[in-house]
Amino acid sequence: MPTKTLLMALIAALSAILILLAVFWEPVPPRPIARIAPHERLPAATAPPAGGEFTLQGAQGNVRLSDFRGKVVLIYFGYTYCPDVCPTSLSLLAQALSELAPNERERVQGIFISVDPERDTAARLQEYTPFFHPQIVGLSGTAAQIARVAEQYGARYHKQAPDAEGRYAVDHSSATYVVDPQGRLTGALPHASTPTQIVAAVREQLASAASR
Amino acid sequence: MIGPTCHGCPDPTSTCPPEKFKAMKFRSSAITLAAALAMPLSTLAGEADLTVVAPYVRMVPPGTPNSAAFMTIANNGTSDRRLVKADSPVARAVELHSHTNEQGLMRMRQVSAIEIKAKSRTELKSGGYHVMLIDLRQPLKEGETVALTLTFDDGSMSRVDAPVRKPQALLEAEQASAHGRH
Ligand SMILES: [Cu+2]
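Listed below in structure tokens is the structure:
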């Protein structure tokens, strides 16, 4: 009887699905670091960036991440020849800094790391970042130093071919990395995060530092 | 986006001959201020279908060589138009650019034209299309206006005075307009 065969086939198919589900089903565990660059779409096998200590060049000499121990550090990778993305991101960061209460703000530091150290000297950066906010320091370094720090934090950049006048643009990722007062990378805010979102991320870190 | 090209490819037509704009440069500030306040701006020669709304140039930190101009271009006509060229006396090179966000990587590329469909509008805005001002001849100061000449595919030209705006002021304006929409 065709109806019976069909029914049997259906039952068989449903059982197969049930067995497959039973074997392979794993409830999705809560993501431990939910804010690690959701826009980065890292391949599943890639470990989240480790972050950590670095030493780069400021206008007054070496600057280390550990110089800011006790503060929440917000790190952005960009370049001063950038006409739009970097000024926009730094304005959002500056706006967030000015929305914090003074007692919160004194425990926050912004860092702008140049992905174009060829043109962005530490002196040039000193002219650039305070325009947005006095609490954002600009850091440069050798190409190798910058590449290492970018890799540590999961930032990406790619210099484009220069034109006839030697002008070039640099493609770059546009996340803001959030480092807790112990110097640990806790997550990354995606490109175009609003001042409200940045403020929330800072307060979260300040609160969890206070509760420890 | 129409025909993206490599940012490195120089466009020989994009450099503005300074003598052409000498007269414009020294217009009285009262006129430029009045023009800046009169929005939407339209100074099209013979073609009233295109209107440029709310143009501005981003103020950049001292010593910064590049900036960008943003605006909305409305096409009230019945045929599609393309912005094919922009000129300005303030920069040594002016290019039409797009931005794309490719899995978090922000890529800026020169485009040969920006399309404004019939009965539609195209926004040149932060993170998207912009008129890139490359190698500024002088620092842009807040309160000044930047003269831009836009050329469209039908040969019509639009003269726009775009005020220089601080990023912070831009942000507040954006927040205010976002708020206003609700
Ligand atoms: Cu550009």
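Residue numbers (the UniProt record's numbering), protein chains in the order written: chain A, 1 to 212; chain B, 1 to 182. We put the beta carbon where it would ideally sit given N, CA and C, even for glycine. Quick caveat, the model's predicted, so the values are computed rather than measured.
Taking the straight line between their C-alpha atoms, what separation do you get for Leu189 of chain A and Asn101 of chain B? 15 Å
Restricting to Cα atoms, I'd like to know which of B:Leu124, B:Arg121 and B:Ile73 is closest to Met157 of chain B. B:Ile73
Does Leu153 of chain B come within less than 8 Å of chain A when only Cβ atoms are used? It should be noted that the sequence gives Asp, not Leu, for residue 153 of chain B. Output row for Asp153 of chain B: interface = no.
Which residue wins for smallest C-alpha separation from Gly51 of chain A, given the options A:Arg212, A:Ala192 and A:Asp180? A:Asp180
Distance, Lys125 of chain B Cα to Leu90 of chain A Cα: 17 Å
I'd like the list of long-range same chain contacts for Gln135 of chain A, defined as Cβ closer than 8 Å, with 5 residues on each side in sequence excluded. Leu97, Arg105, Val108, Gln109 and Gly110
On a Cα-Cα basis, can you pick out the residue from A:Arg167, A:Asn62, A:Ser208 and A:Gly187 that is closest to Glu118 of chain A? Looking at A:Arg167, A:Asn62, A:Ser208 and A:Gly187, the one whose alpha-carbon comes closest to that of Glu118 of chain A is A:Arg167.
Cα-Cα separation between Val52 of chain B and Lys71 of chain A, rounded to whole angstroms: 46 Å
Under 8 Å by beta carbon: chain A residues contacting Asp135 of chain B: Glu165 and Arg167
Closer than 7 Å by beta-carbon distance: list the chain A residues that pair up with Leu148 of chain B, in chain order. Within 7 Å Cβ-Cβ: nothing; Leu148 of chain B doesn't reach chain A, min ~15 Å.
Listing by chain order, which chain B residues have their CB less than 8 Å from the CB of Ala59 of chain A? Here the premise fails: no neighbours, minimum Cβ distance about 13 Å.
List the residues of chain A that Arg81 of chain B touches, going by C-beta distances under 8 Å, in chain order. By Cβ distance, chain A contributes nothing, its closest Cβ being about 24 Å from Arg81 of chain B, past 8 Å.
Would you say Ala69 of chain B touches ligand 1, meaning its beta carbon is less than 7 Å from a heavy atom? no
Beta carbons nearer than 9 Å to chain B: which residues of the stretch 121–152 of chain A have them? Arg124, Glu127, Tyr128, Thr129, Pro130, Phe131 and Phe132
With a threshold of 8 Å between beta-carbons, can Thr176 of chain A be considered close to chain B, or not? no
Measuring alpha carbon to alpha carbon, tell me which residue in A:Cys82, A:Arg64, A:Gln60 and A:Val199 is nearest Val170 of chain A. A:Cys82
Run through chain A and tell me which residues come within less than 7 Å of Val60 of chain B, C-beta to C-beta. Pro87
Between A:Cys86, A:Arg69, A:Leu100 and A:Leu93, which lies nearest to Asp116 of chain A when the distance is taken from Cα to Cα? A:Cys86
Taking the alpha-carbon of Pro89 of chain B as reference, which of B:Lys166, B:Pro167 and B:Ala162 has the nearest alpha-carbon? B:Ala162
Check your reading: residues with Cβ closer than 5 Å to ligand 1 heavy atoms: A:Pro83, B:His97, B:Met108 and B:Met132
At 9 Å on the CB atoms, spell out the chain A contacts of Ser67 of chain B, in chain order. Pro83, Asp84 and Pro87
Quick one: which chain A residues come within Cβ less than 7 Å of Arg107 of chain B? Asp171
Tell me whether the stretch 73–80 of chain A and the stretch 148–161 of chain A touch, counting them as touching only if at least three CB pairs, one residue from each stretch, are closer than 8 Å. yes
Between Leu96 of chain B and Asn75 of chain B, is the Cβ-Cβ spacing less than 8 Å? The answer is no: Cβ separation not under 8 Å.
Spatial neighbours of Ala34 of chain A within its chain, please: CB distance less than 6 Å, with the 5 preceding and 5 following residues excluded, ordered by chain position. Any answer about Ala34 of chain A is weak, because its pLDDT of 41 lies below 50 and its placement is not dependable; what the coordinates show is given next. So no residue of the chain qualifies.
Could you check what DSSP says for Val85 of chain A in three-state terms: helix, strand or coil? helix
Is it the case that the Cβ atoms of Phe54 of chain A and Val149 of chain A are separated by a distance below 8 Å? yes
Inter-residue Cα distance where the pair is Gly127 of chain B and His158 of chain A: 18 Å
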